[in-house]
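A short worksheet on the structure shown next.
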Amino acid sequence: MDLGISDHTFIVCGASSGFGEAITRQLVKEGADIIAVARRGDLLEDKYANFEKNVTPVEGSLIYSETLDKIMALVKKREIHGIVFNAGGPPTGTPLQTTMADWDASWQLVMRWKIDLALRLAPIFKEKGYGRVLFIESQSVKQPLPALTLSNAFRAGVTGFAKTLALELAKHGVTVNVLAPGSHETPAIERVIKNNSSMRGVSYDEAKQEMEQNIPVGRLGKAEEFASLAAWLLSPHSSYITGQTISHDGGSISGLFG
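Each residue of the sequence shown is one higher than the one before, starting from -4 at the first, in my numbering.
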């Protein structure tokens, strides 16, 4: 299928690894141009050295206004068609293991910058009469995960914001959706498996196999599979889908609306 985005430009946050990298590569494959944002500019330049004409790197942490200002400076120079909000998650811990310092830091890391950047871009999409806004969160927004208190709370908050923003922008040709991934073969899940294997005194392979056994399809997802769905949601073909939280989890969510 031709996604019809060969003349489109997207902002992809957290583009140096994991889902962000996979989505960037998928969009470039479809002919799109990318403003790729990550903390390490050298890593961006290295990974996309063969796509210099398609990928414009922006170095900086998304929690800082200076980085958002860099993005908006580029937005003023070109026509933007969509954005992928994507970044790492906060530390693990049960509710009683968290501190208020953890909550303050996680608000900055998971939620605040997304609202800030969305509010900067939304009027531009609204005036244009077109836009694709996609938040990459977690399956925890539908089924909270044990010991992920901070992620459970703030990612659910992002989803609530996204739904409300979608209702306001729908009539202006702007869609706002959330992708809720389960366990995929990414650096983030590798760290989780290594942590589990260390805590339980089992091998990495044993910890991974146990995780896969708890997924109905029997395996971890692939970032490339996830990126294909993301690219479609960022395309003109998805114009009738907005305000939705779509799982990509191999059937892990046990509820009716997983």
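Glycine residues also receive a C-beta, built at the ideal position from the N, C-alpha and C atoms. All figures in this text were calculated on a predicted structure; none of them were measured in a lab.
Residue 121 sits away from residue 80, with the two beta carbons spaced by 8 Å or more. Cβ contact annotation for residue 67 (same chain, cutoff 7 Å, sequence separation greater than five): 115, in chain order. Spanning the alpha carbons of residue -4 and residue 2 requires a straight line of approximately 16 Å. A distance of 8 Å or more separates the beta carbons of residue 77 and residue 124. Inclusion of residue 222 and residue 31 in the CB contact set at 8 Å is not warranted, their separation being larger than that value.
A direct Cα-to-Cα measurement between residue 146 and residue 14 gives close to 17 Å. For residue 242, there is no enclosing alpha helix (DSSP H); the enclosing beta strand (DSSP E) covers residues 240 to 243. With a cut-off of 8 Å on Cβ pairs, the region 195 to 204 is not in contact with the region 137 to 154, counting fewer than three such pairs.
In the DSSP assignment, residue 155 falls within the alpha helix (DSSP H) that extends over 144 to 164.
The Cβ atoms of residue 84 and residue 105 lie closer than 8 Å to each other. Boundaries of the beta strand (DSSP E) around residue 170: 169 to 176.
About 6 Å separates the Cβ atoms of residue 61 and residue 55, confirming a contact at the 8 Å cut-off.
Residue 175 is classed as buried because its beta carbon has at least 16 other beta carbons within 10 Å across all chains shown.
Uninterrupted alpha helix (DSSP H) stretches at least 4 residues long and entirely within the region 77 to 137 occur at 95 to 101 and 108 to 123, given in chain order.
Distance from the CA atom of residue 241 to the CA atom of residue 72, rounded to whole angstroms, is 32 Å. One alpha carbon belongs to residue 253, the other to residue 27, and they sit about 31 Å apart.
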